[in-house]
Amino acid sequence: MTTQVRTEPITVNLGPQHPSTHGVFRMRVTFDGEEIIDVEPIFGYLHRGSEKLAEERTYVQVVTLTDRMDYVGSMLNNQAYMLAVEKLAGVEPAPRGVWLRMIASELQRIASHLVAVGFLIQDLGAWGTPLIYTMREREKILDLFEMLCGARITNSYLRPGGVFMDAPEEFWPAMNEVLDELPPRIDDLDDLLTDNDIIFSRTKGVSVLTPEQMLDASITGPMLRAAGVDWDLRHRDPYDYYDQVTFERPLHTAGDNFARYWVRVQEMRESIKIIRQCEKLIEPGSVRPEHDDVPWLLRPPVGDAYAAIEHSKGELGFYLVSDGSISPYRCHVRAPSLINLTLLRDMLVGELLADMFVSFGSVDINMGEVDR
Amino acid sequence: MNSPFLDNSLFRNIYCYLASGSDDCAARGYDVAILPSGFEWLAFALTAFIIINIVTNAGLGAVIVYIWGERRILGRIQNRTGPNRWGPFGTLTSVADAIKTLFKEDIVPDEADRWLFNLAPILMVFPVLMVLSVIPFGVGTFVVDLNVGILFVIAITSMSGISVVLASWASGNRIAIFAGMRSVAMLISYEIPMALSLIGVLMLAGSMSLGAIVDAQDIPFILVQPLGLFVFLLAAQAETSRTPFDLIEAESELAAGYLNDYSSMKFGIFFLAEFLATIVASMLIVTLFLGGWRGWEPIPSQIWFAGKTVLVLLFIMWMRFSWPRLRVDQILALAWKGLFELTLINIFVTAILIAIWPDPGITELLIMSAINWVVFFISIWAVSKLLRPGDYTAPAPQEDRPSYPVATDELPDEVAYTGGATR
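Residue numbers (this note's numbering), protein chains in the order written: chain A, 464 to 835; chain B, 3 to 425.
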């Protein structure tokens with residue numbers, strides 16, 4: 464006679480207050496033992512109505528709103544918004560301003576990837592040591608931002624056609640120092656983490672997404688490149704002066720958590736290369752167009768524009784509609800964090816509870832951007 | 003009435019101070035007496051009571067020091083200072099935390115099974131304190147030297163698993179239930195390699211008494227029993243649920259696991275038991291593998307013991323703060339496919355060596371340790387081969403990759419389109 468143990472699934476609410484939901488994300492998860500059989504993501508706890516607020520502000524004031532969307536990638540948000548505004552208003556940017564914002568956004572990409580990698584290891588259960596190591600490097604980049612614009616997180620550095628002020632003299636040696644220190648640190652990270660058997664065995668083959676799945680869900684960024692799709696807007700559709708710099712696009716074929724982690728680590732090295740090239744190519748000049756060309760109260764002609772950049776998390780696009788007044792008629796954000804979450808259920812179903820937050824963290828979402 | 007415990011200097015000093023004129027005490031040169039003749043039973047009971055208080059409070063005091071030390075070390079590992087505000091070098095921080103914990107509101111959830119909920123913390127701390135009673139802290143400094151010491155330790159420590167299950171069940175919290183399930187799977191699995199890893203030590207020492215094992219260590223058993231130490235260290239980490247085996251609390255997964263609904267001093271007791279368990283585990287490692295209190299004069303044996311314990315604790319902290327957590331299935335695979343085999347190999351090799359040299363002297367022990375270290379490296383290498391996941395196969399070159407339906411080079415020059423929305 465065989466005895467059958469009767470089991471039943473258990474539904475658990477995880478979040479919004481949970482140590483590793485990267486903010487205020489909530490998931491209603493159904494488990495069979497430790498295995499996940501259903502996930503229902505619930506978000507909106509950090510909704511501040513940024514898109515609506517943008518309709519009440521002038522074009523330059525909206526910059527401060529973009530800072531607060533993805534607060535670990537403020538410079539990149541600024542850049543995407545400015546590209547959209549420039550396209551909408553037909554502003555010809557000042558070259559030095561463009562180089563400066565490329566440098567700023569690549570620095571921000573390194574900082575954002577450092578956070579992503581650090582928190583991924585934290586989700587794996589390390590006691591904060593790798594996280595603090597990556598945060599230490601990020602601090603140096605934030606110090607650079609402080610020299611550039613006086614702010615560390617909510618930079619609001621960019622203006623239509625460039626940046627609001629030139630980098631101080633001390634910025635360049637300081638930046639070179641940071642860039643000299645970073646590659647050995649990233650090598651350390653590789654030695655300590657990439658070659659670590661626990662991390663490797665925890666992340667390999669977990670939450671695999673195929674390129675087809677991701678393309679269907681319009682997932683972009685490191686997640687997509689981790690599955691071997693060579694899609695990087697800096698290369699495919701160069702904005703700013705990215706066509707004048709050369710860089711590699713690190714690709715992995717596995718599409719699992721380890722590949723996503725690995726791609727981010729490699730991308731940091733490429734960002735350093737880009738900044739070095741920008742530093743060579745930058746020339747003295749004005750950092751933003753004359754006031755006569757681009758007034759403070761910008762009144763773009765009636766119409767709409769969409770501009771997208773390769774954010775550290777994926778394609779970040781701003782869609783702006785102008786009715787000819789001083790504020791946008793409609794502002795819509797294509798937020799990579801939100802769209803990359805689309806496949807959360809496919810990623811998690813069939814995995815174990817322990818891997819749930821690791822997979823979740825490997826998407827590298829930011830709740831400020833998901834909920835906006 | 004003469005006490006059987008007079009070999010124990012800790013006991014003797016107190017007992018003979020209290021009891022008058024007993025022959026044993028007089029023979030050892032004690033002439034102070036407080037209690038009149040005929041009250042030896044009272045002296046016996048009082049002595050036991052005092053010793054229990056000393057050992058228990060020393061254990062709890064050690065926890066306070068350990069928490070401070072761990073925070074400082076964690077700070078150093080993470081490039082920061084750690085607590086340094088309250089007291090010199092922040093030494094009073096744990097005291098402040100203890101007071102804070104004491105003054106917090108004690109909440110019992112409505113869903114909880116009150117009786118079990120309150121019982122669980124006691125069951126958690128009780129066995130750990132019991133283990134302290136058999137550990138020899140120095141020459142003649144122990145509470146009792148049981149002749150089945152190791153058996154007692156293994157039996158008593160397995161009780162902590164029950165308390166975790168009780169706590170998680172009594173909380174009536176679904177997240178805590180996960181911790182309970184994990185603790186059943188993990189703690190029970192690791193009992194087996196933990197117990198088996200000590201068999202080599204037992205064979206070498208020929209006794210289960212912890213005192214006799216220390217006496218038998220003419221060279222520390224870490225040299226003769228590297229595999230035993232390796233397995234015991236990992237199993238002890240799992241039993242005390244330290245990272246990388248901290249599945250039961252798993253902050254990033256289960257918030258705090260079975261501790262989710264505990265607050266105030268009940269939480270404090272769990273916390274205390276957990277840290278005390280780590281200290282006790284290090285003490286056991288010192289006693290069984292590192293020569294216990296043995297050392298060189300003129301440093302007292304108690305200092306040797308404490309120093310070695312601190313070294314082992316530092317090693318455990320180092321592991322704890324560097325590594326991420328293993329997954330449930332990996333932890334169980336490590337126990338059953340890795341550590342279990344290692345203990346069997348260890349028992350087999352040690353048994354053969356003991357059969358060759360039934361009463362080993364120093365030279366024989368050194369030969370045995372050489373053989374054991376070779377076995378150690380070979381078997382660990384084999385087990386890691388078995389358990390490690392294979393590397394990725396080399397990624398195909400870019401042109402050979404399958405073509406995905408990507409709109410690659412056909413993007414229009416001007417992405418933005420105009421016209422449309424007007425107010």
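Ideal Cβ placement from N, Cα and C applies to all residues, glycine included.
Just so you know, these numbers come straight off a predicted model, no measurement behind them.
Worksheet entry | Range covered by the alpha helix (DSSP H) that runs through ILE204 of chain B | A small correction: the amino acid at residue 204 of chain B is Leu; Ile does not occupy that position in the sequence shown. Run containing LEU204 of chain B: 201-207, per the alpha helix (DSSP H) assignment.
Discussion item. Assuming the contact rule is C-beta atoms closer than 8 Å, MET532 of chain A and VAL796 of chain A should be a hit. Round their C-beta distance to whole Å, please.
Written reply: 7 Å
Practice prompt. Mind checking which residues open and close the beta strand (DSSP E) that includes ASN476 of chain A?
Written response: Residues 473-477.
Worksheet item: Under 7 Å between C-beta atoms, does ALA614 of chain A make it to chain B?
Response: No - not a single Cβ of chain B is within 7 Å of the one on ALA614 of chain A.
Discussion item. Mapping the DSSP letters down to three states, classify LEU815 of chain A as helix, strand or coil.
Written reply: strand
Worksheet entry | For TYR17 of chain B, the first and last residue of its enclosing alpha helix (DSSP H) | 11-20
Practice prompt. Keeping to the same chain, check which residues put their C-beta closer than 6 Å to that of TYR544 of chain A; ignore five residues upstream and five downstream.
Written response: THR529 and PHE781
Worksheet item: How about ALA574 of chain A and ILE604 of chain A: do their beta carbons lie closer than 7 Å?
Response: yes
Practice prompt. Output yes if chain B places a C-beta closer than 7 Å to the C-beta of ARG661 of chain A; else output no.
Written response: According to the sequence displayed, residue 661 of chain A carries Ile and not Arg. It does: the Cβ of ILE661 of chain A has a partner Cβ on chain B nearer than 7 Å.
Worksheet item: Within 7 Å (strictly less), CB to CB, does ALA335 of chain B reach chain A?
Response: no
Worksheet item: Taking Cβ-Cβ distances shorter than 9 Å, what residues in chain A pair up with LEU94 of chain B?
Response: None at all; the shortest Cβ gap to chain A is about 23 Å.
Worksheet item: When the cut-off is 7 Å and only beta carbons count, does TRP375 of chain B lie next to chain A?
Response: Not an interface residue.
Practice prompt. Identify every run of the beta strand (DSSP E) within the segment 255-303 of chain B, keeping only runs that are complete inside it and at least 3 residues long; order them along the chain.
Written response: Runs of the beta strand (DSSP E) inside the segment 255-303 of chain B: none found.
Worksheet item: Pick from A:ARG520, A:SER537, A:VAL523 and A:ILE566: whose alpha carbon is nearest that of LEU744 of chain A?
Response: A:ILE566
Practice prompt. Measure the C-alpha to C-alpha separation of ASN86 of chain B and THR95 of chain B and round it to an integer number of angstroms.
Written response: Taking the CA atoms as reference points, ASN86 of chain B sits about 8 Å from THR95 of chain B.
Discussion item. Considering only DSSP beta bridges, list what ALA547 of chain A is partnered with.
Written reply: ALA547 of chain A is not bridged to any residue.
Discussion item. Closer than 8 Å is the cut-off here; do at least three beta carbon pairs connect the segment 240-247 of chain B with the segment 201-215 of chain B?
Written reply: Between the segment 240-247 of chain B and the segment 201-215 of chain B there are fewer than three C-beta pairs closer than 8 Å, too few to call the two in contact.
Worksheet item: Which residue's Cα is closest to the Cα of THR716 of chain A: A:ARG699, A:VAL692, A:TYR705 and A:LEU607?
Response: Among A:ARG699, A:VAL692, A:TYR705 and A:LEU607, the Cα nearest to that of THR716 of chain A belongs to A:VAL692.
Worksheet item: Under 7 Å between C-beta atoms, does SER170 of chain B make it to chain A?
Response: Interface flag for SER170 of chain B against chain A is unset, since no Cβ pair is found closer than 7 Å.
Worksheet item: Just to check, is the beta-carbon of VAL110 of chain B closer than 6 Å to a non-hydrogen atom of the ligand FAD?
Response: The ligand content of the structure shown is nil, which means the ligand FAD is not present either.
Worksheet item: Are the beta-carbon atoms of SER160 of chain B and VAL146 of chain B separated by less than 7 Å?
Response: no
Worksheet entry | Endpoints, the beta strand (DSSP E) within which TYR620 of chain A is located | Looking at the DSSP string, TYR620 of chain A is not in any beta strand (DSSP E), and its letter there is neither H nor E.
Worksheet item: Quick one: which chain A residues come within Cβ less than 9 Å of VAL330 of chain B?
Response: GLU497, LEU815, LEU816 and ALA817
Discussion item. Counting C-beta neighbours from all protein chains within 10 Å, is the total for GLU644 of chain A 16 or more, i.e. buried, or is it exposed?
Written reply: Exposed, since its Cβ has fewer than 16 Cβ neighbours within 10 Å.
Practice prompt. Mind listing the chain A neighbours of ALA257 of chain B? Cutoff is C-beta to C-beta under 7 Å, in chain order.
Written response: HIS481 and PRO482
Worksheet entry | Start-to-end residues for the alpha helix (DSSP H) that takes in GLU773 of chain A | The continuous stretches of alpha helix (DSSP H) do not include GLU773 of chain A, which lies in the beta strand (DSSP E) extending over residues 766-774.
Practice prompt. Look at the alpha carbon of ARG116 of chain B and the alpha carbon of ILE271 of chain B, and state the distance between them as a whole number of angstroms.
Written response: Roughly 17 Å between the two C-alpha positions.
Worksheet item: Of all the CB atoms in chain B, is at least one closer than 7 Å to the CB of MET830 of chain A?
Response: No, MET830 of chain A does not count as interfacial toward chain B.
Worksheet entry | Where THR673 of chain A falls, given that 16 or more other Cβ within 10 Å makes a residue buried | exposed
Discussion item. I'd like the span of the alpha helix (DSSP H) that includes ARG723 of chain A, first residue to last.
Written reply: 720-744
Practice prompt. Please list the residues of the segment 564-592 of chain A that have a C-beta atom closer than 9 Å to any C-beta atom in chain B, keeping them in chain order.
Written response: ILE584, GLN585, ASP586, LEU587, GLY588, ALA589, TRP590, GLY591 and THR592
Discussion item. Three Cβ pairs or more, each shorter than 8 Å: is that satisfied between the segment 615-625 of chain A and the segment 550-562 of chain A?
Written reply: yes
Worksheet item: So what's ARG322 of chain B in DSSP terms, helix, strand or just coil?
Response: helix
Worksheet item: In the segment 622-633 of chain A, which residues sit with their C-beta less than 9 Å from some C-beta in chain B, listed in chain order?
Response: none
Worksheet item: Which value, in whole angstroms, describes the spacing of the CA atoms of LEU714 of chain A and PRO90 of chain B?
Response: 52 Å
Discussion item. Within a Cβ cutoff of 7 Å, which residues of the same chain sit near VAL641 of chain A, ignoring the five residues on either side of it in sequence?
Written reply: Close CB contacts of VAL641 of chain A within its chain, under the 7 Å cut and outside five residues either way in sequence, are with LYS603, ILE604 and LEU607 (chain order).
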